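Structure first, commentary second.
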Amino acid sequence: MIALENQEISNRMLAKGVRALVDGNDAGFVRASLERDTLITSQRHESARSILQSWGDTAPAMGMIGTLIGLVLLLAKLEEDPAGIGAGMSTALITTLYGAILANGALIPMAQKLENHAKREALNNELIVEGVVFIQKAVIRDYLLIYCPHFWHQKLIGNDKQRLPNLT
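If you read the sequence shown in this note's numbering, its first letter stands for residue 11, the second for the next number, and so on.
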């Protein structure tokens, strides 16, 4: 544990866990603290994602409302300027295009990207929680390998032929 005390750790979650270990907290407290942080982060990401998704769902309807308003204004001026129908119609219809582009080109993809990022971060944080608790319990690296995809095992353990423990 003392070797971890002076380490520079860039990941906030890992740094908090290691700091809690170095301070002498027990595994239960460290796990609960890190899991609470993970939950709060996930809730914050879900809140932002749902806002972007709802804006993306609403943008095409707002575009259609803009088109309807434009058509009403166009029809109101029809007697005054019949030659301006084409220009007025194109202006009215462009709001539908803007709504569709805003929804499908920006808002919905941003919501999906945030959701994917949140899932990756939650998985990473879960691995950090388990790793920090394993460090505190002085559990060997093989237990951590269980959380890694199989194709990483050779890369991580090299030519060491130790078998992974059976935890079932």
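Ideal Cβ placement from N, Cα and C applies to all residues, glycine included.
Computed from a predicted structure; not experimentally measured.
Determine whether the beta carbon atoms of Asn-184 and Thr-48 lie at a separation below 8 Å. The question about residue 184 has no answer, for the chain in this structure spans 11 to 178.
May I ask you to report which of helix, strand or coil DSSP gives Lys-192? This structure cannot speak to residue 192, because the chain is shown only from 11 to 178.
List the endpoints of the continuous alpha helix (DSSP H) containing Ser-20. Where Ser-20 is concerned, there is no enclosing alpha helix (DSSP H), given that its DSSP letter is neither H nor E.
Helix, strand or coil, according to DSSP, for Asp-33 in the structure here? coil
Between which two residues does the alpha helix (DSSP H) carrying Asn-114 extend? From DSSP, Asn-114 is part of no alpha helix (DSSP H); its letter is neither H nor E.
Does DSSP classify Pro-159 as helix, strand or coil? In this structure, Pro-159 counts as coil in the three-state DSSP scheme.
Among the residues of its own chain, which have a CB less than 7 Å from the CB of Leu-117, if the five just before and after it don't count? Excluding sequence neighbours, Leu-117 sits near Leu-62, Trp-65, Gly-66, Ala-69.
Coarse secondary structure for Lys-147, derived from DSSP in three states: Here Lys-147 sits in coil by DSSP.
Cβ distance (whole Å) where Gly-109 is taken to contact Met-74 below 8 Å: 7 Å
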